[in-house]
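Q: Dropping a structure here in structure tokens format, bear with me for questions.
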Amino acid sequence: MSGYTVDKKIVPEFIPTATTTAPTSSIVTVTYTPIFSYGQLTVTRTINYTGAGNKTPSSKIETLTYNSVTNEGTGETSYTPMGAYAAVKSPKITGYSVDYEIVAEEIPVASLTMPVNQVVLVTYTLIPVKPVEPVKPVKPSKPAAPDTPDSLQTQGPKKEPVVQSVMSGSEMTEVRSSKQSVDTQAKVDKTAKITAKMLPQTNEQTTSILSLIGVALLTLWTSLFGLKRKQHEKD
1 MSGYTVDKKI VPEFIPTATT TAPTSSIVTV TYTPIFSYGQ LTVTRTINYT
51 GAGNKTPSSK IETLTYNSVT NEGTGETSYT PMGAYAAVKS PKITGYSVDY
101 EIVAEEIPVA SLTMPVNQVV LVTYTLIPVK PVEPVKPVKP SKPAAPDTPD
151 SLQTQGPKKE PVVQSVMSGS EMTEVRSSKQ SVDTQAKVDK TAKITAKMLP
201 QTNEQTTSIL SLIGVALLTL WTSLFGLKRK QHEKD
């Protein structure tokens with residue numbers, strides 16, 4: 001019988017003889033012992049990583065050895081592990097989350113089932129980046145009103161005496177009137193100042209200056225002429 005050993009390969013022949021005793025049945029036991037074969041089996045646990053592009057870690061491979069015992073008579077084999085799979089910590093990658101931070105330790109037990117290689121897949125997922133909210137534009141404040149030059153500030157009408165030259169007989173008499181308003185003159189002065197600030201020097205300004213000089217000379221000449229006549233009449 002294949003797979004077994006037998007203690008008696010041959011049951012010896014038995015030749016009974018004449019006897020006065022009644023014969024009895026005889027029993028012969030032949031024992032078969034199964035044959036056991038012994039061996040070893042090595043399997044692996046491979047941890048593969050995916051999802052992180054060129055940052056994805058390389059695979060890690062763990063090995064585990066089993067002692068095997070096979071009953072040649074029945075064909076049954078038992079497997080006894082000689083160790084365990086150690087826990088493996090998944091590498092951290094900035095900007096990615098991982099579904100298994102640690103691949104757990106595995107301690108197998110004896111079994112009649114043949115062990116097989118294992119594959120564990122660890123997946124990395126890109127962590128979405130929250131978009132930066134744009135900065136709300138600041139509403140510009142109203143520009144400050146420009147300072148008004150002193151020369152342009154509103155002034156009340158000036159009451160100044162107006163000098164008038166009156167020819168009385170042979171004399172020219174200056175008459176001062178304090179009742180006349182010089183509003184018109186103030187407006188003209190202010191307009192002249194604004195025009196002078198805004199426009200470059202032109203022929204119009206030159207003409208105005210010459211006119212003022214002419215008036216001054218004429219007034220001086222008239223005064224001198226009147227003074228001479230007065231002295232002449234006294235003489």
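According to UniProt numbering, the sequence shown is numbered sequentially starting from 1. No residue lacks a Cβ here, since even glycine has one placed at the ideal position from N, Cα and C.
Could you pull the DSSP bridge partners for E72 from this structure?
A: Note: E72 sits in no beta bridge, so no partner.
Q: Would the beta-carbon of E72 be found less than 7 Å away from any heavy atom of the ligand SAM?
A: Among the components of this structure there are no ligands whatsoever, and the ligand SAM is therefore not found.
Q: Rounded to a whole number of angstroms, what is the C-alpha to C-alpha distance between V6 and Q118?
A: So the two alpha carbons sit approximately 41 Å from each other.
Q: Using 8 Å for Cβ pairs, my map puts I93 next to K55. What's the rounded Cβ distance?
A: Confirmed, about 5 Å.
Q: Got a sec, what are the start and stop residues for the beta strand (DSSP E) L126 sits in?
A: Segment Q118 to L126, the beta strand (DSSP E) holding L126.
Q: Nearest-angstrom Cα distance between S58 and V129?
A: Distance between the alpha carbons of S58 and V129: 26 Å.
Q: Can we say the segment 39-52 touches the segment 17-25, given the rule of at least three CB pairs closer than 8 Å?
A: Flag = no, the segment 39-52 and the segment 17-25 do not touch.
Q: In terms of residue numbering, what span does the beta strand (DSSP E) encompassing I27 cover?
A: I27 -> no beta strand (DSSP E), and no H or E assigned at all.
Q: Taking DSSP as the reference, what is the three-state secondary structure of K60?
A: K60 falls in the strand class under three-state DSSP.
Q: Which partner residues does P81 have in the DSSP bridge list?
A: Beta-bridge pairing links P81 to Y66.
Q: Rounded to the nearest angstrom, what separates A192 and L224 at their Cα positions?
A: For A192, the predicted model reports a pLDDT of 45, less than 50, meaning its position is unreliable; a value from the coordinates is still stated below. So the two alpha carbons sit approximately 31 Å from each other.
Q: Which partner residues of F36 appear in the DSSP bridge assignment?
A: F36 pairs with N71.
Q: For the structure I just gave you, are there three or more beta carbon pairs, one from the segment 10-17 and one from the segment 47-54, closer than 8 Å?
A: The segment 10-17 vs the segment 47-54: no contact.
Q: So, is P137 buried or exposed, given that buried needs 16 or more other C-beta atoms within 10 angstroms?
A: So P137 counts as exposed.
Q: Residue range of the beta strand (DSSP E) that Y4 falls in?
A: From DSSP, the beta strand (DSSP E) with Y4 extends over Y4 to V6.
Q: Quick one: what's got a C-beta closer than 6 Å to D123's C-beta in the same chain, skipping five residues either side?
A: It is worth fixing the name first, because residue 123 is Thr in this sequence and not Asp. Excluding residues within five positions, the ones whose Cβ falls inside 6 Å are T50, G51 and D99.
Q: How would you call L217, buried or exposed, if buried means at least 16 neighbouring beta carbons within 10 angstroms?
A: So L217 counts as exposed.
Q: I10 by DSSP, collapsed to three states: which one?
A: In this structure, I10 counts as coil in the three-state DSSP scheme.
Q: Taking I127 as the reference, give the member of E133, Y96, I107 and A110 with the closest Cα.
A: Residue Y96 is the option with its Cα nearest to I127.
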